[in-house]
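What follows is a single structure, written as structure tokens, with notes after it.
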Amino acid sequence: MTPGSAFVAGNQNAARGYHEAFVCAKHKALMETGTPWDMEGRNVLMGQDLAPILENWSVRPCVGSAGCTLTLEIAGQIKPVEVFLMPSEARTLSTYIGAANGGFGGA
């Protein structure tokens with residue numbers, strides 16, 4: 023991204039803190055029209071640089087073993103992603119997601 027205007031962008035998620043970066047007029051216009059964006063350090067991420075959009079998710083216990091299967095339905099992908107989680111991994115993921123969303127989530 024080429025620095026251009028003196029526009030200073032803050033992170034869309036105020037819970038993660040405020041950061042500043044210079045963006046060109048083209049990207050500033052996209053941001054103002056609601057195009058999804060995020061910041062990583064002092065870099066503004068847009069388009070393919072962003073993580074894919076999660077449309078839906080589900081969890082189901084596994085029969086015959088401890089743990090569960092996490093299913094993620096991602097925008098633009100036909101087949102969902104399935105991940106097996108041991109109980110300790112599921113707790114760690116829950117704690118991390120909770121912390122990233124203001125402290126909610128279980129352990």
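In short: position in the sequence shown from 1, add 22, done, that's the working numbering.
Heads up, the beta-carbon is just placed ideally off N, CA and C, and yes, glycines get one too.
All figures in this text were calculated on a predicted structure; none of them were measured in a lab.
| Check | Outcome |
| --- | --- |
| When L76, I75, P74, T93 are compared against P83, the one with the closest alpha-carbon | T93 |
| Chain B within 9 Å of C84, Cβ atoms only | Protein chains in the displayed structure number just one, and chain B is not present. |
| 8 Å contact criterion, which E95 and E77 should meet: CB distance rounded | 5 Å |
| Per-residue DSSP class, three states only, for M53 | helix |
| For V81 and S87, the rounded distance between their alpha carbons | 15 Å |
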